[in-house]
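Data block below; observations after.
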Amino acid sequence: MSRTAFVTGATAGIGEATVRTLVASGWRCVATGRRKERLDALVEELGADKVHAACFDVRDAEAMDAAITALPEAFAGIDLLVNNAGLAQGLSPAQEASLDDWQTMIDTNVTAMVVLTRKLLPTLIERKGAIIAIGSVAGSYIYPGGNVYAGSKAFVNHFTLALRADLHGTGVRVTSIEPGMVETEFTLVRTGSQDASDDLYRGADPMTGQDIADTIRWIAELPPHLNINRIELMPVSQDFAGFRVAREHH
Ligand code: NDP
Ligand code: 8X3
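Letter by letter, the sequence shown follows residues 2 to 251 in our numbering.
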């Protein structure tokens, strides 16, 4: 029997690779995002029996409700929720940061994720499904300018682990995936640039969306008695050493 995944942020990067990978492995996918033309292209490429496009802004709870209510019968029973949609805006020190950027990250990375999770929990419990969230190493290791993005990803990591406790005994599996550098459109959003040569990770041999999608598929297809609680991935070129000392204070 084919299973159904609900993948947020499927118009680019990790989410798009995840839809392709899960479909290739026999899953049906609800693919979400704001860029309708990209969702339509996925449906066209992979087939309307495999992919259902749900176009909405995750910050709009009413639009989210409407999209869930409108799921065709074949896609309505969700077995896997991939909480992936997210963004980082600005790399400024907190004292110079834009409050609008901060609010956008909190609304998208935190509020929308918990609202969607809460809405899909009844069907996930009924079907003994799984939740996989894409947090970040930024939730564990601090870097300058990370501020609210890092805080939001610490929330994703921790909320996801907390779900494990609440869902104990339901058979629902829950995993927090915490990646380091992944080459996607994310870094351009982050720098506010449209120019690929501004990619922060250029020349750094980062991971790809496919690397994370393969990890998601692997976790989703493990035997039902096995739960990966959290998994942290980095490219070989990245590590977590980052202590700094300021010898003079001005
Ligand atoms: P991309 O920018 O390539 O993709 C982001 C996806 O999120 C897009 O599909 C976008 O869709 C969707 N999205 C963003 N805001 C909204 C919104 N308001 N409503 C609906 N969808 C939205 O980035 P990645 O694939 O790299 O990022 C995916 C996740 O991985 C994020 O949560 C990010 O924090 C996390 N991550 C990324 C890392 C990296 O180095 N790239 C490292 C660690 C974690 P659309 O714009 O069409 O709405
Ligand atoms: C750092 C991962 O999410 O801060 O390489 O961009 S993130």
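Think of the CB as a built atom: it goes at the ideal place given N, C-alpha and C, for glycine as much as any other residue.
These numbers were taken from a predicted model, which means no experiment stands behind them.
Which listed residue (the options) has its alpha carbon closest to that of residue i
i      : options                           : result
Asn230 : Gly181, Thr105, Thr185 and His169 : His169
Ala54  : Gly181, Lys37 and Leu81           : Lys37
Leu47  : Met65, Val59, Arg60 and Leu23     : Leu23
Ala18  : Val83, Cys56, Ala75 and Glu74     : Val83
Phe241 : Glu179, Arg248 and Lys120         : Glu179
Val116 : Ile69, Ala75 and Asp101           : Ile69
Glu233 : Arg119, Ala139 and Gly16          : Ala139
Trp219 : Thr176, Ala247 and Ser194         : Thr176
Ala98  : Leu72, Arg165 and Gly147          : Gly147
Pro225 : Ala62, Gln96, Ala163 and Lys129   : Lys129
Val173 : Leu122, Asp196, Asp206 and Ser194 : Leu122
Ala49  : Leu164, Ile213, Trp28 and Asp61   : Trp28
Glu186 : Gly87, Thr171, Ala163 and Leu125  : Gly87
Gly78  : Ala163, Ala71, Leu125 and Gln195  : Leu125
Ala214 : Ala71, Leu164, Val183 and Asp41   : Val183
Buried or exposed by the 16-neighbour rule on C-beta atoms within 10 Å, applied to residue i
i      : result
Val237 : exposed
Gly210 : buried
Ala11  : buried
Lys51  : buried
Leu43  : buried
Ser26  : exposed
Glu45  : exposed
Arg221 : One point to set straight first is that residue 221 is Ala, not Arg, in the sequence displayed. Result: buried.
Val20  : buried
Glu63  : exposed
Pairwise C-alpha distance: residue j and residue i
i      : j      : result
Leu189 : Gly14  : 12 Å
Asp66  : Leu92  : 33 Å
Thr105 : Gln90  : 8 Å
Gly181 : Leu100 : 25 Å
Val111 : Ser153 : 6 Å
Thr192 : Leu227 : 39 Å
Asp80  : Ser137 : 23 Å
Glu74  : Pro94  : 47 Å
Gly16  : Asn85  : 6 Å
Glu256 : Phe76  : Nothing in the structure corresponds to residue 256, since the chain is present only between 2 and 251.
Thr216 : His250 : 44 Å
Gln239 : Tyr142 : 12 Å
Arg39  : Val246 : 46 Å
Arg119 : Leu223 : 24 Å
Asp1   : Arg248 : In the structure displayed, the chain extends from 2 to 251; residue 1 sits before or after that span and is not available.
Asp41  : Cys56  : 9 Å
Asp206 : Asp102 : 28 Å
Met208 : Met235 : 7 Å
Ile107 : Ser3   : 34 Å
Ser194 : Asp61  : 26 Å
Inter-residue CB distance, residue i and residue j (contact presumed, cutoff 8 Å)
i      : j      : result
Val59  : Ala113 : 4 Å
Thr161 : Ile132 : 7 Å
Tyr144 : Gly243 : 6 Å
Within-8 Å CB hit, residue i to chain E
i     : result
Ala62 : The structure shown contains no chain E; it is built from a single protein chain.
Between the segment 4-17 and the segment 29-44, do at least 3 Cβ pairs fall closer than 8 Å? yes
- the segment 138-157 / the segment 202-209 touching (three or more Cβ pairs under 8 Å): no
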